[in-house]
Every structure is written in C-alpha cells, then in structure tokens.
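Novice:
Chains as they are written, first to last, in the UniProt record's numbering: chain A, 1 to 179; chain B, 1 to 440.
This is the structure:
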C-alpha cells in the first residue's frame, strides 16, 4: 500500500467507490465515518491544522486509481467532522476548515501538563515560545496552530490558570502561568 | 397452455380450451369475430343441461360459439358449440312481448334441440346476430376440410404415379434437377403471394391468415435447416437466420382483440390476450421487458389492428384483477416493465452478487452493459437491477470521467476503529488480494 510521507494509507484508499459520494444512506454514513477517521488520523500524524476545500489536500485525490473527491464530497466529509465538534469552519463560505483532532479543552489540558512537566507553574512565556521553544520540542505543542493555541489559552485564562498580556513587540503576546 | 383438460362431450357442447388467462384457444384458421358479456344459454327442450350456463361471455368465431364463465368462481366449464351443428337460426320476431324481455336469439342444433341465447347485459345485440349469420353462412369449417382432403390426396397421388410422367401428363422431374425445379416453383408461388399481399391493404387483410401460416412454415424450415446442411455453418448465416426467425415469430396474432369484436369488454379481453402473448418475448428478454419494447412487439404482432400506448397501459393494469402469470412493475426511477410473477428479485440479486464478487470484477467493477451481457437482459433493465442492488446495499457506485461503474459494497466490512485492519476472511480481504495482484 502506498504512503503519504510517513503516513500509511489504509487499503480502502484504492477502492474507487471511496471517492464517489454514495447516494444510498447506509452506505454513505459508513463512507463518511471512514473519511472522518482517515482525515483526523492523517491531520494528527502530519500536524495539519487547516484544510482548504479548494486546495490540494493530499487525501482528496488518489493518483494510483485516478480518482479525486468532488467539491460536494469534500464539503460533506468536513461538515461531518465539524458536526462532531472535531473541526470548525473558519468562514461562512466553507472554504477553510480548522481541524481539531484534540478539542480545545484537550489542548488546554495538554498545555497544563506541559507547564507542570517543565516546572513552569509561575513562569512567564511568550505565545511563540510555547509553539516553538526548546521546552516544546518533540511535544504535541510543537508547531501548534496559532488560532487553536490562543483559544486554548483563553479558555485557561477564563479558568484563572493564567493571564495573557501584550508583549513588548506588537505581534507577540505573553503568558503568565499561575497553576 | 390449456388449463382445462378435455371433459366429456355431452353431444351438444364440447369443452372449450382456454389459456391460463381465460382466453379461448383458437384452432387453425379460426378467427374471433364478436364477444358479448352477461349471456345465458337456455333451452326449453333440455333445461337441466343448461342450468349452469348462466352469465358468461359468449364469443363468436368463424367456427364456433364459445361460452366462457365470467371471472367469479363458477361451477361451469368453458363450453363450445360448433357452428356446423347449427341447422337453423330462427328469425328475430318483433312483438310487443319481445320489447319487454332481454334480447334473445334462438337457433336449432342438430335439428333437435332449440337453444336460446339470452343477453342480460348491454352490447351490440344486432351486430352479434348479423355476425352469427355471416359466420354460419360463411362455412369456414368446410374450407378447412377441403384443404385437408386436398393435402392428403395430393401426397397420395404422388406416390401412386410412378415413372417419368406425372398424373397430369407433365414430365416428372427426378433427382437433383427435380428438387431444384420444385424449389424454384415453390419460390415463385411464394413470391406471387407476397406480391399479392402487398398490392393493397385490403388484399393484405385477406392474406393475413395465409401470411401467418407462411411465416410459421418458413420458421419451421429455418429451424430444421442448420441440422441438414453442413454442420459448421458460418456465423453470419446463423445470425441472419436467427434474425429471420425473430421476424417470423413476431408475425403471430391471427385474431387480435379489437374494439369492434369485444366492445365494452375491450380492455379486459385485450389484457388477457396480452398476458398470453407476452410469454415468448418475456422469455427471450430474460424474464423482464420494458413496456415500450412490449408495445412494439405487441403491435407488430397485431399487424394492422394497432393499439394505443394508453390501451396497453390499461390492459396491463387490469392484470391485477385476473389470475395471470405476469405483472406490471414500476421501478423507483419511473421505468415501467412487464415481468413474470415467478421472476424473483432474489434470484437476480444473487446473480449480480456472483457477478461482482469474481476476482476480476471485484477489482474493476461492472457497468450496466457488462451486467446486461451476463444477465442476458437489456442494458436499461440491467441498470435498474444494479440500482436496486445499490439501494439494498449490495453494491456501491464509482463515478468517474469514464462513466458509472458498480462495485461490490465493501464499506460495511471495513472497521472504522482500525482503518488498517483487513480480516483474512470476507470480501474485503479478497478485494485486497485481487488489487494487490495487479500492483505487484
């Protein structure tokens, strides 16, 4: 079976009907479920946070069998993920989709765990440091999408676990943990 | 074909054979002329014998009067009375009394029994009487006897005349030349009758009967030919022979039900005749045929007595009321077909299943025309079957620039909690094997 980078594709990726939106309800439901799982698996392993419906997302076509998902099919599968709370449309036109293989709540828990493991309970960090600092190297937080990170931090701020403040440079913000 | 076995003839009436849908089985050269409903047969001479012959359909043919009980369970069996046994038809007396009771006809059979035909329902009573006179005077049965005796004496004469000269003094051709000559003569006479037939429509009508029997004869000849000739026979010849046979088969209805002959019962009788007729085309089409195709076949067989699409539609709808072996079916897509009642969807589904689970088709899927070839049905019908198999979850589709293909539905077998799991047993596993064979 072919691979996408280091991601191993399942056998059914070469099954031509997998790329045609099935009209029969039961079959379609199963098909949607399989797409949902595959997209989330792929995004998690490849750290993909954003899928553009019109863009060349690697899963949306299979050159081995010469099949490509239609626009309708892409939107259907992504909407199904959105419906489960595992993704969000970023625009009304449904062209960009934010993939949350961890929900915002789960991301917040990961940040808390990260803070405790690194003894940062009362420290100050910039938001950018959380994404790309030495402490986050090799953790799930490495390279996290900025939109998602900010939402997780805001959630923690509301719970009183930290305080966000404007940093020295205009484009960066600071975080004061108080776990 | 005939559902009623021959019951004993009681001297006056014979048991009449009817088809499973309740149409009379006509004999050679017999043509149906008129039909009236709600008819009682009665006689002052022998009342008990007629007691059961109440409220049935009376059919007049060139040879017989056939009385068939109407659809409700009836103790009486279909009976027929040869017109040849009628010795006198009493003229219709107009009297004050006759104005008050149902119209009736009286005729004498075998110079003994006087039978009264009483019409309880509506219908063209005078028309029937006129036709009865016409058929009775026409003596169609005598012509049959004549031709039969001619045929037998003809062949008899041939064996008697020995030597080089025939009975009529002409030189008898012998050997190969004789056969060729005879063949030539036959062709000439056939050619002549064909020419006569097409001269004008009236001539065609009068030749219709002959044409049908000619067609039947040619068909028989075609059927027997391949075995007598060199066994090989090139494909093209065989193909054209088959085509020819098809044409011959479709010439067939000698006595079509018409509005004139059946009157108010037109659609009912048409429905019955159609039920009898569809059997052969239906068999050839694999148990299911579209209404449009049937319309073509039926009208072709009816010759000049064409029916409208609406008549066909109504006739098919009436099948529900009769006990006939065929039914009308409407697919979800709106396609209407005629199918055998015995033609079960399960059987078709299992054949489709066998088709799509072969190693090759598991990998490539099937198109409607692939299925049509395997199931030996029309592509449009095959597509309907594939679509209903899809609806049942047996198949799923693949839309690509190459068109619509159907695959065995593997989705139910795939485990969504473990996308890479392929069980050793099951069709998913077989599909993986079939596709990996290719990629290696």
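Think of the CB as a built atom: it goes at the ideal place given N, C-alpha and C, for glycine as much as any other residue. Since the model is a prediction, treat every value here as computed from it, not as a measurement.
Strictly below 7 Å CB to CB, what residues from chain A border residue 398 (chain B)?
Specialist: Position 398 of the second chain holds residue 398 (chain B). Under the 7 Å cutoff, chain A gives 16, 17, 20.
Novice: What's the call for residue 275 (chain B), buried or exposed, on a 16-neighbour Cβ count within 10 Å?
Specialist: In the second chain, counting from the first residue as 1, residue 275 (chain B) sits at position 275. With 16 or more other Cβ atoms within 10 Å, it is buried.
Novice: Does DSSP put residue 280 (chain B) in a helix, in a strand, or in coil?
Specialist: Taking the second chain and counting its residues from 1, one reaches residue 280 (chain B) at position 280. Residue 280 (chain B): helix per DSSP, three-state reduction.
Novice: Should residue 268 (chain B) and residue 318 (chain B) be called a contact, given that it needs their Cβ atoms to be closer than 8 Å?
Specialist: Within the second chain, numbered from 1, the residue matching residue 268 (chain B) stands at position 268. Within the second chain, numbered from 1, the residue matching residue 318 (chain B) stands at position 318. In this structure, residue 318 (chain B) lies closer than 8 Å to residue 268 (chain B) by Cβ.
Novice: Within 10 angstroms of the Cβ of residue 23 (chain A), are there 16 or more other Cβ atoms? Answer buried if so, exposed if not.
Specialist: By 1-based counting over the first chain, the position of residue 23 (chain A) is 23. Answer is exposed; the Cβ neighbour count stays below 16.
Novice: Apart from the five residues just before and just after residue 51 (chain A), which ones in its own chain have a Cβ nearer than 7 Å to its Cβ?
Specialist: As a working mapping, residue 51 (chain A) is identified with position 51 in the first chain. Excluding sequence neighbours, residue 51 (chain A) sits near 57, 78, 97, 99.
Novice: Report the CB separation of residue 22 (chain B) from residue 39 (chain B) in whole angstroms; it is logged as a contact under 8 Å.
Specialist: Start at 1 with the first residue of the second chain, and residue 22 (chain B) comes out as number 22. Start at 1 with the first residue of the second chain, and residue 39 (chain B) comes out as number 39. Actually they do not touch by this definition, with Cβ atoms about 15 Å apart.
Novice: Exposed or buried, residue 181 (chain B), counting other C-beta atoms within 10 Å across all chains shown (16 or more means buried)?
Specialist: The residue labelled residue 181 (chain B) in the question sits at position 181 within the second chain. It is exposed - the Cβ of residue 181 (chain B) has fewer than 16 other Cβ atoms within 10 Å.
Novice: Drop a sphere of 10 angstroms on the beta-carbon of residue 383 (chain B), count the other beta-carbons inside from all chains shown, and report buried for 16 or more, exposed for fewer.
Specialist: By one-based count along the second chain, residue 383 (chain B) stands at place 383. By the 10 Å Cβ count, residue 383 (chain B) comes out buried.
Novice: Go ahead and label residue 156 (chain B) buried or exposed: buried means 16 or more other beta carbons lie within 10 angstroms of its beta carbon, across all protein chains shown.
Specialist: Here residue 156 (chain B) corresponds to residue number 156 of the second chain, with the count starting at 1. Model confidence at residue 156 (chain B) stands at a pLDDT of 42, short of 50, so the residue's coordinates are unreliable; what they give is reported in the following sentence. Exposed, since its Cβ has fewer than 16 Cβ neighbours within 10 Å.
Novice: Name the DSSP beta bridge partners of residue 88 (chain B), please?
Specialist: Residue 88 (chain B) sits at position 88 when you count from the first residue of the second chain. B:108.
Novice: On the DSSP letters alone, give me the boundaries of the alpha helix (DSSP H) that residue 313 (chain B) sits inside.
Specialist: Position 313 of the second chain holds residue 313 (chain B). That run of the alpha helix (DSSP H) goes 309-317.
Novice: What did DSSP end up calling residue 163 (chain B) once you bin it into helix, strand or coil?
Specialist: Translated into the one-based positions of the second chain, residue 163 (chain B) becomes position 163. Any reading at residue 163 (chain B) must be qualified, since the residue scores a pLDDT of 43, below 50, and its modelled position is unreliable; no value is offered.
Novice: Hey, out of A:173, A:59, A:47, A:91, whose CA is closest to residue 139 (chain A)'s CA?
Specialist: Working through the first chain from its first residue, we reach residue 139 (chain A) at position 139. Answer by Cα proximity: A:47.
Novice: Between residue 393 (chain B) and chain A, is the shortest Cβ-Cβ distance under 8 Å, so that the two count as touching?
Specialist: For the purposes of this step, residue 393 (chain B) is taken as the residue at position 393 of the second chain. Cβ-Cβ to chain A under 8 Å: yes for residue 393 (chain B).
Novice: Taking the DSSP output, what are the residues bridged to residue 136 (chain B)?
Specialist: Residue 136 (chain B) sits at position 136 when you count from the first residue of the second chain. DSSP output for residue 136 (chain B) lists no bridge partner at all.
Novice: What first and last residue would you give for the alpha helix (DSSP H) that runs through residue 447 (chain B)?
Specialist: The structure shown does not extend to residue 447 (chain B), since chain B is modelled only from 1 to 440, so the question has no answer here.
Novice: Can we say the stretch 400-413 of chain B touches the stretch 349-369 of chain B, given the rule of at least three CB pairs closer than 8 Å?
Specialist: Result yes; three or more Cβ-Cβ pairs closer than 8 Å.
Novice: Between the stretch 29-44 of chain B and the stretch 139-158 of chain A, do at least 3 Cβ pairs fall closer than 8 Å?
Specialist: Cβ pair count under 8 Å is below three, so no.
Novice: If you follow the beta strand (DSSP E) that residue 32 (chain B) is in, where does it begin and where does it stop?
Specialist: Here residue 32 (chain B) corresponds to residue number 32 of the second chain, with the count starting at 1. It spans 32-43 - the beta strand (DSSP E) in which residue 32 (chain B) sits, taken as one unbroken run.
Novice: Whole beta strand (DSSP E) runs in the stretch 33-81 of chain A with 3 or more residues, listed along the chain?
Specialist: Qualifying beta strand (DSSP E) stretches, in chain order: 50-52.
Novice: Going along chain A, which residues have a C-beta under 7 Å from residue 352 (chain B)?
Specialist: In the second chain, counting from the first residue as 1, residue 352 (chain B) sits at position 352. Near residue 352 (chain B) there are no residues of chain A at all, since even the closest Cβ is about 15 Å away, more than 7 Å.
Novice: Quick check: what's the CA-CA separation for residue 3 (chain B) versus residue 277 (chain B)?
Specialist: Along the second chain, one-based indexing puts residue 3 (chain B) at 3. Along the second chain, one-based indexing puts residue 277 (chain B) at 277. The predicted position of residue 3 (chain B) is uncertain, since its pLDDT is 40 and thus under 50; no value can be drawn from it.
Novice: Indicate whether at least one CB of chain A lies closer than 8 Å to the CB of residue 210 (chain B).
Specialist: Stepping through the second chain from its first residue, residue 210 (chain B) is reached at position 210. Not closer than 8 Å to any Cβ of chain A, the Cβ of residue 210 (chain B) fails to qualify, so no.
Novice: Beta-carbon of residue 105 (chain A) versus every beta-carbon of chain B: anything under 8 Å?
Specialist: If you number the first chain from 1, residue 105 (chain A) lands on position 105. No, its Cβ sits nowhere closer than 8 Å to a Cβ of chain B.
Novice: Beta-carbon separation of residue 67 (chain A) and residue 19 (chain A) under 8 Å?
Specialist: Start at 1 with the first residue of the first chain, and residue 67 (chain A) comes out as number 67. Start at 1 with the first residue of the first chain, and residue 19 (chain A) comes out as number 19. Yes, these two residues count as a Cβ contact at 8 Å.
Novice: Candidates A:113, A:14, A:33, A:118: which alpha carbon is nearest residue 86 (chain A)'s?
Specialist: In the first chain, residue 86 (chain A) corresponds to position 86, counting from 1. Taking only the C-alpha atoms, the option nearest residue 86 (chain A) is A:33.
Novice: In or out: residue 220 (chain B) buried (at least 16 other Cβ within 10 Å) or exposed?
Specialist: Translated into the one-based positions of the second chain, residue 220 (chain B) becomes position 220. With fewer than 16 other Cβ atoms within 10 Å, it is exposed.
Novice: Which value, in whole angstroms, describes the spacing of the CA atoms of residue 60 (chain B) and residue 118 (chain B)?
Specialist: Position 60 of the second chain, counting from 1, holds the residue named residue 60 (chain B). Position 118 of the second chain, counting from 1, holds the residue named residue 118 (chain B). When rounded, the distance between both Cα atoms is 14 Å.
Novice: Counting C-beta neighbours from all protein chains within 10 Å, is the total for residue 442 (chain B) 16 or more, i.e. buried, or is it exposed?
Specialist: Beyond the ends of chain B as shown, which are 1 and 440, falls residue 442 (chain B); an answer cannot be given.
Novice: Could you list which residues in chain A have their beta carbon closer than 8 Å to that of residue 419 (chain B), in chain order?
Specialist: Residue mapping note: residue 419 (chain B) aligns to position 419 of the second chain, counting from 1. The contacting residues are 10, 12, 34, 37, 38, 41.
Novice: Could you compute how far the alpha carbon of residue 101 (chain B) sits from the alpha carbon of residue 120 (chain B)?
Specialist: Numbered from its first residue, the second chain carries residue 101 (chain B) at position 101. Numbered from its first residue, the second chain carries residue 120 (chain B) at position 120. Cα-Cα distance, rounded: 9 Å.
Novice: Please check if any C-beta of chain B sits within less than 8 Å of the C-beta of residue 31 (chain A).
Specialist: Here the question's residue 31 (chain A) lines up with position 31 in the first chain. Closer than 8 Å: yes.
Novice: Report, in whole angstroms, the separation of the C-beta atoms of residue 79 (chain B) and residue 265 (chain B), which I expect to be a contact under 8 Å.
Specialist: Numbered from its first residue, the second chain carries residue 79 (chain B) at position 79. Numbered from its first residue, the second chain carries residue 265 (chain B) at position 265. Wrong, their Cβ atoms sit about 19 Å apart, outside the cutoff.
Novice: In the structure shown, what three-state DSSP assignment does residue 178 (chain A) receive?
Specialist: The residue labelled residue 178 (chain A) in the question sits at position 178 within the first chain. Residue 178 (chain A) falls in the coil class under three-state DSSP.
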